[in-house]
Every structure is written in C-alpha cells, then in structure tokens.
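If you count by mature numbering (1 follows the signal peptide of the UniProt record, and there is no 0), then the sequence shown holds residues -25 to -1, 1 to 247, one letter each, in order.
All residues carry an ideal CB built from backbone N, CA and C; glycine is no exception.
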Amino acid sequence: MLKPFYILLVYFTIITFAASSQTYAGGARSLALSNAVVSISDTWSTFHNQATLAKINRFSAGVYYESKYGIDEFALAASSVVLPTGAGTFGLSFYQFGKGSFKEHKIGFGYAKQLSEHFNASVQFDFFSERLPENADAFSFVTFEIGATYQLTQQIILGAHTYNPVKNGFNYPEEKIKLPAVYRLGAHYSFDEHVLVSLETQKESDHDVMVKSGLEFMPLQNLALRFGISGRPVQYTAGLGYSFKNISTDIAFSYHGNLGFTPSVSIQYQLK
C-alpha cells in the first residue's frame, strides 16, 4: 500500500504532465498510436472524436483497463458502446480513474451524423464527478464536446475536435478549478489496407501546442503492430492488436520520461 503522501505527490505530478484529453482517453489501440486518432474511427471514438462514429455501421462495445505508471491507486477503467441507427450513430462512454478515497468518473452521451458524402459532425455531453480524500462529498460538473471529420481523398481523412470549450470545472469550497479547453486537429493517411500513418496537433487553452503521431502496420489480416510518439515531454508508445471473428484485443505500452511505463489492454466486440 502506498503511503498517502506518495500518492498525493504522484497524483499532482500526473495532473501536471497529463493533458486533459489524454487523461480521459480510452482504448489500447489509441494509446499505442499516442492518441493521434482524432480522424480514426473505432469503438473508442467516444473518447476522442465522436464524429468518426458516423462511419461505424454495426453495433460495437468495448472494455478497457490501464495501470497508469504501474501504480495501483491510479488504475483506469473504461467502457464504450456504439449504436448505429437510421437517424445517426449514438455513443455511450464511461470512465473511472483512481481507487479508494480518490476517484474520478466521466459519463459521456454522444451523437454523430453524416451530413454529406464526405462530412460528418458530432456533439457529446459529459458528466464529471470527483471525490478527494480530504472531502466527504463528491464534486461534479457538466460540459460538452464537438467534432467533425472530412474525407479529403480515398486515402486521407481529416479530423477536428474541441473538448470543454466553455472551460467548466470543479467548484470546490475553497476555489473553482477550471479545466482547460482542448483543441485537436489531425489527419491520417492509409497507404493501403496494411499501413496507416496519423499526425495530430493538440492545443490546450493554457499550454503550448503538442504534436502526436502514430503508425499502424498489419503484416497479417488479423494482426496489427502499432507505434507512436508525442511531445511535451516526449512520450513513446507501442502495442499490438489481434482480431478473431467478432472479437478484437489490443495491448499497448507507453513510456513517460518522468513517470515511467503505462500498460493497457482493451477488448472489443462488433456485430458482423
């Protein structure tokens, strides 16, 4: 069991170095690609850019677990459900970070719609809740996200996403903590069905621009190898994915120069 002082020290270190959108990310594939996935569509788009959900035409669901920097008290668990309908695609996401007396929760309700042959748009409403060891009560707030994608060519898709544009945050008795707005802009290029390269820039309202990139290579039809790198400070990621019939499994590892390794795993199910 970690000592309380050490837990608080690591917690504030994580808050210092982790971007808001990174903290509330889901999916081992996304982590392996350094979360440079604002234009990529999969079950975990509910955490990155809900507009890409419009490309999904079958029900899918997934569960995710991450041991942040190998510290049990900062375990991260998430789930995602994607439901395509004739009126658009709906997404439901859940996230929990922390254990015991410290926990953060996020619940998201998203909707994506194809507005033209090449353009998709989305909106998602989020409910956040946080409980700290020094407070008996939990604190909460509501915010929203908006996103869009545009298919430039057969191989290139552009994505843009804004998280918490109104800068809502937790209203503690001592002070109100505003979370930053996060703006993401990126694209990916599919060379063929075996190779995908993604590039993304991320700007928080109170931080400099961060650049993220990812590479996915599929040597076999059901096997994927993934690598990524992001800055501020530099973080390296890698992972692999394997699919069999309706089930796919992904594992990923990230390395942060100041905080260490983070392993993660996710399992997805999609109707055929």
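Through-space distance from residue j to residue i, alpha-carbon basis
i: L174; j: K74; result: 34 angstroms
i: T212; j: T18; result: 20 angstroms
i: K142; j: H136; result: 15 angstroms
i: A62; j: Q245; result: 20 angstroms
i: I131; j: N32; result: 20 angstroms
i: G45; j: S229; result: 11 angstroms
i: Q243; j: F84; result: 19 angstroms
i: V170; j: A199; result: 9 angstroms
i: F(-9); j: Q210; result: Confidence in F(-9) is poor, its pLDDT being 42 and thus under 50, which makes the residue's placement unreliable; the coordinate value appears in the next sentence. Taking the straight line joining both Cα atoms gives about 11 angstroms.
i: F236; j: L133; result: 30 angstroms
i: S55; j: F69; result: 7 angstroms
Burial state of residue i, where buried means 16 or more other Cβ atoms lie within 10 Å
i: P194; result: exposed
i: residue 254; result: Nothing can be reported for residue 254, as the shown portion of the chain is limited to -25 through 247.
i: K151; result: exposed
i: F49; result: buried
i: P59; result: buried
i: H93; result: exposed
7 angstroms Cβ shell around residue i - same chain, five flanking residues per side excluded
i: Q89; result: A29 and N95
i: I15; result: T27, H163 and S173
i: L107; result: F77
Close-in-space but distant-in-sequence residues of the same chain around residue i (CB under 6 angstroms, 5 per side omitted)
i: F119; result: F100
i: E149; result: none
i: residue 255; result: Missing from the structure shown is residue 255; the chain here goes from -25 to 247 and no further.
i: residue 248; result: Nothing can be reported for residue 248: it is not among the residues displayed for the chain, which extend from -25 to 247.
i: L190; result: V172 and F202
i: L234; result: Y44
i: S241; result: G2, A3, G37, Y39 and D225
Spatially closest choice to residue i from the options, by CA coordinates
i: H182; options: E105, N233 and G206; result: G206
i: S35; options: L67, H80 and V12; result: L67
i: E179; options: F192, R159 and V98; result: R159
i: F114; options: H80, T128 and A123; result: H80
Interface flag, residue i vs chain D, CB-CB below 8 angstroms
i: H182; result: The chain inventory of the structure shown lacks chain D, comprising one protein chain alone.
Per DSSP, cross-strand counterpart(s) of residue i
i: G134; result: T124 and G161
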